[in-house]
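Chains A and B supply the protein sequences, listed in that same order. Numbering that gives the first Met the number 0 puts the first residue of the first sequence at 0, with every later residue one more than the last. Numbering that gives the first Met the number 0 puts the first residue of the second sequence at 0, with every later residue one more than the last. Written out below as structure tokens is the structure these notes cover.
There are 2 protein chains.
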Amino acid sequence: MTSAIPAVDTAGVRALLERGRTLATPVLRAAVARLAAPMDAVAAYHFGWTDAQGRPVSGDGGKAVRPALALLSAEAAGAAAEVGVPGAVAVELVHNFSLLHDDLMDGDEQRRHRDTVWKAYDPAQAILVGDALFALANEVLLELGTVEAGRATRRLTTATRKLIDGQAQDISYEHRERVTVEECLEMEGNKTGALLACACSIGAVLGGADDRTADTLEAYGYHLGLAFQAVDDLLGIWGDPEATGKQTWSDLRQRKKSLPVVAALAAGGPASERLAAMLAADAKLTEAQAADFDEEEFATRAALIEEAGGREWTSQEARRQHATALESLDRVDMPAEVRAQLVALADFVVVRKS
Amino acid sequence: MTSAIPAVDTAGVRALLERGRTLATPVLRAAVARLAAPMDAVAAYHFGWTDAQGRPVSGDGGKAVRPALALLSAEAAGAAAEVGVPGAVAVELVHNFSLLHDDLMDGDEQRRHRDTVWKAYDPAQAILVGDALFALANEVLLELGTVEAGRATRRLTTATRKLIDGQAQDISYEHRERVTVEECLEMEGNKTGALLACACSIGAVLGGADDRTADTLEAYGYHLGLAFQAVDDLLGIWGDPEATGKQTWSDLRQRKKSLPVVAALAAGGPASERLAAMLAADAKLTEAQAADFDEEEFATRAALIEEAGGREWTSQEARRQHATALESLDRVDMPAEVRAQLVALADFVVVRKS
């Protein structure tokens, strides 16, 4: 896959991500501190700032791609990076609202090597704190009191609705035997693309960009999101556990109908048919039974997905989405330095190993 | 209690509520129809428009006090009632978002004589559709694209945060033996007062009212909400099941620390102490055991609450809040006809039997 992608400016990307964290995190923490007890403490745990006893920890806050993008988005519109900070914070709040609720709906017990909130506290806290973060996202933007903030909130609301649509599709697909590649891409566009798109426009909107500029930046972010998700789907099967921090064959254990699986099933041919028969049999097992296969059994399934072309198709899809994202950048007039950084971030997203 | 309240113009109030329903419901239904399947169907069930099989029913949509207030709010600012419609719809969406999530958090299986969504479908749908209604509320306002819509959304966001704070308090109070009257009033102000306050200002804000006018209308709505809740708390113990549609002693069955209970416990004296001892013993039972008392046992508790002064205090509190609400109206310059209707609605809220 790296053949089409130039060598990534890793130090440059690391600095961009670090700048996003440095500018956004204090504002995010101040916003979360406004929540009434015990929601402030539960949220601090969720964000990885404290353990479940409320003691400060220096945790893994995630890659923080979204804040970095929101700040670049402001600069793309000719504004200072700082103008994008409330947008970065609002997007992070919405992202974490969706994690809190999705983990509960999906019954996921672990996130970033720690118990999820519904597991560490209880389901009611996961619902309540998720709701509070969603409301806080709107508050952080609207208290700016500007016309731009109203426009930014509207875009964030649209993205949030798509996020919810995507989760609804994800849940409904779980109960179906067959999902088409188009359906899978639509779901991933909603679940991952829409909010990343919003991160890429929200700073620009706060900086006074017009709708055409914002829409074009959103197109960049949307395709970047689909590229990101395609890579995630590859790492979910073939990722190195040391790098990803997830179990081997993580998505296969969860029987996820991710892109490589769906593409392999759609491909036809002997390997595709053998895979289909095997997954149909797996579907009759309980989730615990399916997660309990030995390494060999997962390796067999992964090999069939690869043989049927699911791995290669998904790699190509990541490259296609990456290329489409970069094309969008050409349609916006922005400082050359900012464009180079957005390109570097896109390259990073596609070649990352974790 | 009726002594301080003039005879209510029942026909007038009925016409006001009917107008709110007539103008807001079609817009509400159109908004809900935008949701992706199956969320649109789940929401239609929740609102009482269909049964769980999706067949249309003519259900009990509730009293619809909030939409009526939002339309009057627009008229209070000199705008047409229609200007308040998006506000009425947004407030109803937020109200129903909170019902969907609260019913799940509280484990309530019935609402308006029907299974709640988490019970009729599943918990994930209750979370998801609640989230979708919350997002939709912001969307309905922000797509107006006006400065006023931004201001209205900000007020709605503030109210929603208070609603969530109130639910957090309600949950935390359940685990406590003693709750003060002040804490109970604060919780009820958040859970009921804040959104009713927003209903009373949102139409005016959409109609171009300044912040002072909006704040004063919110003060009316906030105290109206506290009066409403005090009456609800009375009906939750002494209401006529024929009129309320709830079980006898409904709040006692759920061991709610509602105003009459909290006020009786705070009063001191022999009845108060006997009540405290009895409720402390009840608290050791499971919820199912406590709900299973015979009528006699509930009647004993209700009599003690009354003897300790909890019933009378709550009646007086309803009258105090009603009076404070009406005082707020005097501080806004509005058409006499609109003021008379806001007064009639306040009277209705306090003397209602259901």
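A virtual CB, placed ideally from N, CA and C, is assigned to each residue, including glycine.
Going straight from the alpha carbon of residue i to that of residue j, what length do you get?
i      : j      : result
K161/B : L233/A : 43 Å
S257/B : C183/B : 7 Å
S314/B : K62/A  : 56 Å
S72/A  : V350/A : 22 Å
R18/B  : A136/B : 21 Å
D39/B  : G11/A  : 45 Å
T1/B   : H321/B : For T1/B, the predicted structure reports a pLDDT of 39, less than 50, and the residue's modelled location is therefore unreliable. The matter cannot be settled from this model.
V84/A  : E173/B : 38 Å
A324/A : V88/A  : 23 Å
V342/B : V180/B : 27 Å
M333/B : D50/A  : 54 Å
A123/A : R338/B : 41 Å
G77/B  : A208/B : 9 Å
I236/B : E108/A : 41 Å
G86/A  : R330/A : 22 Å
Would residue i pass as a contact of residue j if the rule is Cβ separation under 8 Å?
i      : j      : result
D130/B : I201/A : no
A198/A : V90/A  : yes
L140/A : T152/A : yes
V146/B : V204/A : no
A125/A : L99/A  : yes
A301/A : L251/A : yes
S327/A : A218/A : yes
L16/B  : A75/B  : no
A167/B : A35/A  : yes
K190/A : G165/A : yes
A335/A : V230/A : no
V260/A : G309/A : yes
Where do the ends of the alpha helix (DSSP H) carrying residue i lie?
i      : result
D169/B : V146 to E173
V45/B  : Note that residue 45/B corresponds to His in the displayed sequence, not to Val. M38 to H45 is the extent of the alpha helix (DSSP H) around H45/B.
Q320/A : G309 to D329
W237/B : D210 to W237
E295/B : E294 to E306
T21/B  : T9 to V31
R273/B : P269 to A282
D332/A : No alpha helix (DSSP H) holds D332/A; DSSP gives it neither H nor E.
G129/B : P122 to L141
V82/B  : Premise fails: V82/B is in no alpha helix (DSSP H) and is neither H nor E.
D250/B : S249 to R252
V260/B : L258 to A266
V180/A : V180 to E187
Q288/B : E286 to A290
G61/B  : Run containing G61/B: none; DSSP gives neither H nor E here.
E176/A : First-last for E176/A: undefined, no H or E at that position.
L205/A : A193 to L205
A242/A : P240 to T243
At 7 Å on the CB atoms, spell out the chain A contacts of residue i, in chain order.
i      : result
S200/B : The premise fails here: S200/B is roughly 15 Å from chain A at the closest Cβ pair, so nothing lies under 7 Å.
A73/B  : Within 7 Å Cβ-Cβ: nothing; A73/B doesn't reach chain A, min ~20 Å.
A263/B : Going along chain A, no residue has its Cβ under 7 Å from A263/B, so there is no contact; the nearest lies around 27 Å.
A302/B : Simply none; closest approach about 33 Å.
For a contact defined as C-beta to C-beta under 9 Å, what are the partners of residue i on chain B?
i      : result
L127/A : H100, M104, I163, Q166, A167 and I170
M38/A  : I163, D164 and A167
T243/A : Under the 9 Å cutoff, chain B gives no residues; its nearest Cβ is about 26 Å from T243/A.
A32/A  : Within chain B, no residue comes near A32/A; the closest Cβ sits about 14 Å away, beyond 9 Å.
Could you tell me which residues DSSP pairs with residue i in its beta bridges?
i      : result
D114/B : Q109/B
T49/A  : P55/A
Just to make sure I have the definition right: I need the residues of chain B whose C-beta is within less than 8 Å of the C-beta of residue i. Which are they?
i      : result
V26/A  : In chain order: nothing, as chain B lies at least about 17 Å away.
T156/A : A134, N137, E138 and L141
A196/A : Chain B residues near A196/A: none, gap ~16 Å exceeds 8 Å.
A226/A : The premise fails here: A226/A is roughly 24 Å from chain B at the closest Cβ pair, so nothing lies under 8 Å.
A290/A : Residues of chain B passing the Cβ test: none, with the nearest at roughly 20 Å.
Given that residue i touches chain A, what residues does it touch there, using C-beta distances under 8 Å?
i      : result
V146/B : V146 and G149
R160/B : A131, A134, L135 and E138
T152/B : N137, L141, G149 and T152
A29/B  : Chain A residues near A29/B: none, gap ~15 Å exceeds 8 Å.
Please list, in chain order, the chain B residues whose beta carbon lies closer than 7 Å to that of residue i.
i      : result
A43/A  : What A43/A touches in chain B: nothing, since even the nearest Cβ is about 15 Å away.
A123/A : M104 and I170
A89/A  : Result: empty, since nearest Cβ-Cβ is about 11 Å, beyond 7 Å.
A322/A : Those do not exist, as A322/A stays about 29 Å from chain B at its closest Cβ, beyond 7 Å.
Can residue i be considered in contact with the ligand NAP, in the sense that its beta carbon sits closer than 7 Å to one or more heavy atoms?
i      : result
A276/B : Of the ligands one can find in the structure shown there are none, so the ligand NAP has no counterpart to examine.
For residue i, return the contacting residues in chain A, with the cut-off set at a CB-CB distance below 9 Å.
i     : result
E51/B : The residue you asked about is not Glu; residue 51/B is Ala in the sequence shown. Correct list: empty, because the minimum Cβ distance to chain A is about 17 Å.
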